[in-house]
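For reference, the structure is listed below as structure tokens.
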Amino acid sequence: MELKRIDRERYSSFIKRHFAGNNILLEEEQANYIYDINKGITCIIQYLCNKLYSTNLKNKNNGVIDNLLNEILPENEIAYYNYRALLTKLNYDILKAVASEEQVEKPFAQAFLRKYELGSASSVKSAIKNLESKGLLVNNNGWRVADWYFSLWLKKQM
Numbered sequence: 000m001e002l003k004r005i006d007r008e009r010y011s012s013f014i015k016r017h018f019a020g021n022n023i024l025l026e027e028e029q030a031n032y033i034y035d036i037n038k039g040i041t042c043i044i045q046y047l048c049n050k051l052y053s054t055n056l057k058n059k060n061n062g063v064i065d066n067l068l069n070e071i072l073p074e075n076e077i078a079y080y081n082y083r084a085l086l087t088k089l090n091y092d093i094l095k096a097v098a099s100e101e102q103v104e105k106p107f108a109q110a111f112l113r114k115y116e117l118g119s120a121s122s123v124k125s126a127i128k129n130l131e132s133k134g135l136l137v138n139n140n141g142w143r144v145a146d147w148y149f150s151l152w153l154k155k156q157m
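Be aware that the sequence shown starts at 0, since it is given in numbering that gives the first Met the number 0, and climbs by one per residue.
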């Protein structure tokens, strides 16, 4: 089940308040950055904040946040490699293409198909339906990889 995104300003304020409640200063810039790099997706914002909270670093700047994010991605690498092993080449290529774009409104458009060398629109349509049924792609005003961290990991594989 996917929750609707919470407004950035409200969520950033919520993040700062929880850190401040434990005597940890988190600047608004960093709270906004956390929201932005996680695309407003609640569960992964909370996960990253939990990791950030558990660090003993006094200065919780964007570089520290980026380093934590780069530590998180390998945590699920085994699952990500398993996806790759279980999917057809076309399905995996579609996931990489969508991850590269972050969101694709017209995955059957010739420009998208040519750019990523995906083949025919009918094959891609069938593959996207398959990926959606597996919960790997979602369509919310455009197709995107359901797991944002998987999407970031896929981008690093290109």
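Idealized CB from N, CA, C, for every residue including glycine. Just so we're clear, the structure is a prediction, and the values are computed from it rather than from any experiment.
Beta-carbon proximity list for residue i, same chain, < 6 Å, skipping 5 on both sides
| i | result |
| --- | --- |
| Ala120 | Phe107 |
| Lys126 | Looking at the sequence shown, residue 126 is not Lys but Ala. If we look at Ala126 and ignore the five residues flanking it on each side, its Cβ neighbours are Leu89, Asn90, Ile93. |
Strand pairing of residue i, partner residues [DSSP]
| i | result |
| --- | --- |
| Asn138 | Trp142 |
| Val103 | Trp142 |
8 Å CB neighbourhood of residue i in its chain, flanking five on each side removed
| i | result |
| --- | --- |
| Gly39 | Arg4, Ile5, Arg7, Tyr10 |
| Tyr91 | Tyr82, Arg83 |
| Val103 | Ala96, Val97, Phe111, Gly141, Trp142, Arg143 |
| Tyr46 | Ile71 |
| Asn197 | Residue 197 is absent from the model: the chain starts at 0 and stops at 157. |
C-alpha gap between residue i and residue j, whole angstroms
| i | j | result |
| --- | --- | --- |
| Glu116 | Ala110 | 10 Å |
| Ser122 | Ile14 | 43 Å |
| Leu86 | Lys114 | 21 Å |
| Leu136 | Asn66 | 27 Å |
| Gly20 | Ser53 | 14 Å |
| Trp142 | Ala98 | 10 Å |
| Glu27 | Ala96 | 33 Å |
| Arg16 | Asp35 | 18 Å |
| Gln156 | Asp146 | 15 Å |
| Asn37 | Ile44 | 6 Å |
| Leu151 | Asn22 | 32 Å |
| Asn49 | Phe149 | 19 Å |
| Leu130 | Leu72 | 21 Å |
Sequence-distant residues of its chain with Cβ nearer than 7 Å to residue i (five each side left out)
| i | result |
| --- | --- |
| Gly173 | With the chain covering only 0 through 157, there is no way to say anything about residue 173. |
| Leu153 | Leu94, Lys95, Ala98, Val144 |
| Glu74 | none |
Simplified DSSP assignment, three categories, for residue i
| i | result |
| --- | --- |
| Asn60 | coil |
| Lys88 | helix |
In chain order, what are the residue ranges of uninterrupted alpha helix (DSSP H) at least 4 long that sit wholly in the segment 13-82? Runs of the alpha helix (DSSP H) inside the segment 13-82: 27-36, 41-53, 61-71.
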